[in-house]
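Below is one structure, written out as structure tokens; comments come after it.
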Amino acid sequence: MHNFIIDCTANCLRNSQVEVNWNFSRVFPQTCGYSLDHNFENLQNRENSSFKEVNENDHSVYNCDVTLGRVFSKVTIPPLSQRYVDIKLDNPTINALSSSKSLLIEKEKNSLSTSFLVSRSVSHLSKSSTCLALVLNLNDTPLTLNKGMVIANVSPIHEFASIENVNCVSSGNSNDNKNWLKEIKLNHLTSSQQQQVLELLNKYNNAFAQNISDLGECGIIKHTIQLTDDISTRQKPYRVPYNLKNEMKNKINILLDAGIIQPSTSPYSAPVLLVKKSDGSFRLVADLRKLNSKTIPDNFPLPKIDEMIDQLSGAKFFSTMDLTSGFHQMSMHPDHMHYTGIATEFGLFEYKRIPFGLKNASASFQRLMSIVLAGLNDLQIACYIDDVIP
1 MHNFIIDCTA NCLRNSQVEV NWNFSRVFPQ TCGYSLDHNF ENLQNRENSS FKEVNENDHS
61 VYNCDVTLGR VFSKVTIPPL SQRYVDIKLD NPTINALSSS KSLLIEKEKN SLSTSFLVSR
121 SVSHLSKSST CLALVLNLND TPLTLNKGMV IANVSPIHEF ASIENVNCVS SGNSNDNKNW
181 LKEIKLNHLT SSQQQQVLEL LNKYNNAFAQ NISDLGECGI IKHTIQLTDD ISTRQKPYRV
241 PYNLKNEMKN KINILLDAGI IQPSTSPYSA PVLLVKKSDG SFRLVADLRK LNSKTIPDNF
301 PLPKIDEMID QLSGAKFFST MDLTSGFHQM SMHPDHMHYT GIATEFGLFE YKRIPFGLKN
361 ASASFQRLMS IVLAGLNDLQ IACYIDDVIP
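Just so you know, we're using this note's numbering here: the sequence shown kicks off at 1 and counts up by one.
Okay, here's the thing in structure tokens:
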């Protein structure tokens with residue numbers, strides 16, 4: 001048996017004789033020391049590793065056992081759906097824990113499977129010594145998980161932080177009730193109901209984008225472009241009126257800063273133009289008609305409006321949410337970004353996110369939203385591309 005010390009700075013295990021690279025995450029806000037007892041000959045076998053964590057401030061020691069979670073019985077998950085799966089734990093020490101003990105469920109770190117995801121969640125042992133893992137099928141076909149298949153890492157959650165070690169963050173509300181009242185219509189609600197809605201909006205204020213720089217990025221599915229041939233499409237830049245040159249340059253800089261486009265050396269190039277919106281501002285639009293003409297259609301079905309209405313039957317309150325620049329929140333596949341080259345007098349760029357006007361963008365985005373909202377149909381949530389009815 002060899003005694004190793006984790007070097008937090010160098011990300012390695014070492015003793016007086018050897019040094020071994022080891023991937024780990026620090027769990028204390030302060031600089032910490034760790035003592036790890038591990039058989040060096042079995043260092044590569046990380047199926048069941050047991051170690052001790054030491055907080056140098058109070059020197060309290062906590063045992064932390066990580067074990068594998070295996071599928072308890074064969075289960076099939078429908079396409080683009082999620083369901084809870086019973087898993088059995090390898091480590092009998094954890095199996096003997098009280099049912100009130102919280103367990104952290106994560107996808108098995110050494111798994112190379114890209115066909116499913118395991119939600120990072122907290123569970124408890126049942127009377128049959130199993131716990132639940134939420135598994136999401138990313139495929140267009142049913143996913144079968146066989147009995148005994150390893151899908152998760154499971155570890156008990158130990159409460160060790162004192163109140164002095166908790167990083168307290170106060171969430172300020174940048175939008176007050178008056179601002180929200182200008183944005184939404186609540187006249188049909190009672191005063192009490194209006195207050196509940198405003199409190200909910202203020203609580204999740206950070207979820208609302210104020211401008212394009214606030215957009216998030218979802219890479220669960222990356223948009224791909226399949227062409228009928230490999231001949232690149234090229235067009236000269238459109239002439240921009242002199243009085244709009246600064247506007248064009250500003251729009252390009254905004255997209256660059258937001259990470260939506262990047263400089264390119266692509267042989268593909270499409271012209272861009274400024275389109276005036278109803279509020280008087282301008283939107284940068286790429287003319288991708290030549291690229292679209294040779295793009296193979298993606299036939300992912302869009303929801304039927306009448307079926308969506310039936311799905312919402314019985315609901316009492318309705319609201320709608322429109323994703324801000326929804327296409328710009330979905331990633332392009334790195335190998336397909338060069339197809340979206342755009343030519344401007346300020347240089348050649350390509351899209352890192354889906355551009356507006358791209359063929360199959362709606363199908364890809366609907367596929368993404370189907371996965372993101374998988375399992376929420378029972379909550380009467382409907383989605384049509386980037387419009388959500390909760």
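All C-beta atoms in this analysis are idealised placements derived from N, C-alpha and C, irrespective of residue type, glycine included.
Point to revise | Same chain, Cβ closer than 6 Å to W180, neighbours up to 5 away in sequence not counted | key: L198 and L201
Check your understanding: Roughly how many angstroms separate the alpha carbons of S123 and C131, rounded to a whole number?
Key -> 6 Å
Point to revise | Cβ contact (3+ pairs, closer than 8 Å) linking the stretch 129-144 and the stretch 183-191 | key: no
Review point. Considering only C-alpha positions, which residue in the set G69, S331 and K359 is nearest to H223?
Key: S331
Practice item. With N250 as the anchor, note down where its alpha helix (DSSP H) starts and where it stops. Key: K245 to D257
Review point. For the beta strand (DSSP E) that contains L136, what are its first and last residues?
Key: T130 to N137
**Study point:** As assigned by DSSP and simplified to three states, the class of Y242
**Key:** helix
**Study point:** Cβ-based burial, E350 [other Cβ within 10 Å; buried from 16]
**Key:** buried
Point to revise | I220 - DSSP class collapsed to helix/strand/coil | key: strand
Check your understanding: Is L138 near S115, with beta carbons less than 8 Å apart?
Key -> yes
Review point. Hey, how far is the Cα of F317 from the Cα of E183?
Key: 18 Å
Exercise for review: Kindly indicate which three-state DSSP category A209 falls into: helix, strand or coil?
Suggested key: coil
Check your understanding: Helix or strand or just coil, what does DSSP make of M337?
Key -> helix
Check your understanding: Sorted by chain position, which residues of the same chain lie with C-beta nearer than 8 Å to F327's C-beta, five sequence neighbours on each side aside?
Key -> R353, I354, P355, F356, L358, A361, F365 and D386
Exercise for review: Please determine if the stretch 204-211 and the stretch 239-250 are in contact, where contact requires at least 3 C-beta pairs separated by less than 8 Å.
Suggested key: no
Review point. In this structure, what does DSSP give as the bridge partners for R120?
Key: Answer is none; R120 lacks a bridge partner.
Check your understanding: Should D90 and L125 be called a contact, given that it needs their Cβ atoms to be closer than 8 Å?
Key -> no
Point to revise | the stretch 246-253 touching the stretch 229-236, judged by at least three CB pairs closer than 8 Å | key: no
**Study point:** Alpha carbon of S325 to alpha carbon of E217, nearest angstrom
**Key:** 11 Å
Review point. When you compare each of Q196, P78, T228 and V71 to I371 by their alpha carbons, which one comes out closest?
Key: P78
Review point. Is it a yes or a no for the stretch 104-111 touching the stretch 150-159, going by three-plus beta-carbon pairs under 8 Å?
Key: yes
Review point. According to the neighbour-count rule (16 or more other Cβ atoms, all chains shown, within 10 Å of its Cβ), is Q196 buried or exposed?
Key: exposed
Review point. What did DSSP end up calling F349 once you bin it into helix, strand or coil?
Key: strand
Review point. Where does Q262 fall in DSSP's three states?
Key: strand
Practice item. May I ask which residues mark the beginning and end of the beta strand (DSSP E) holding S331? Key: M330 to M332
Check your understanding: Any idea if G341 is buried or exposed, counting beta-carbon neighbours within 10 angstroms, 16 or more meaning buried?
Key -> buried
Review point. Which two residues bound the contiguous beta strand (DSSP E) that contains F282?
Key: F282 to A286
Review point. Taking the continuous alpha helix (DSSP H) assigned at N202, which residues delimit it?
Key: S191 to K203
Review point. Among the residues of its own chain, which have a CB less than 6 Å from the CB of K101, if the five just before and after it don't count?
Key: P156
Practice item. Compare the C-alpha of D257 against each of F282, D298 and L215 and name the closest. Key: L215
Check your understanding: Do H333 and Y268 have their C-beta atoms within less than 8 Å of each other?
Key -> no
Practice item. Tell me whether the beta-carbon of F274 lies closer than 8 Å to the beta-carbon of L288. Key: Checking the sequence, you will find Leu at residue 274 rather than Phe. The answer is no: Cβ separation not under 8 Å.
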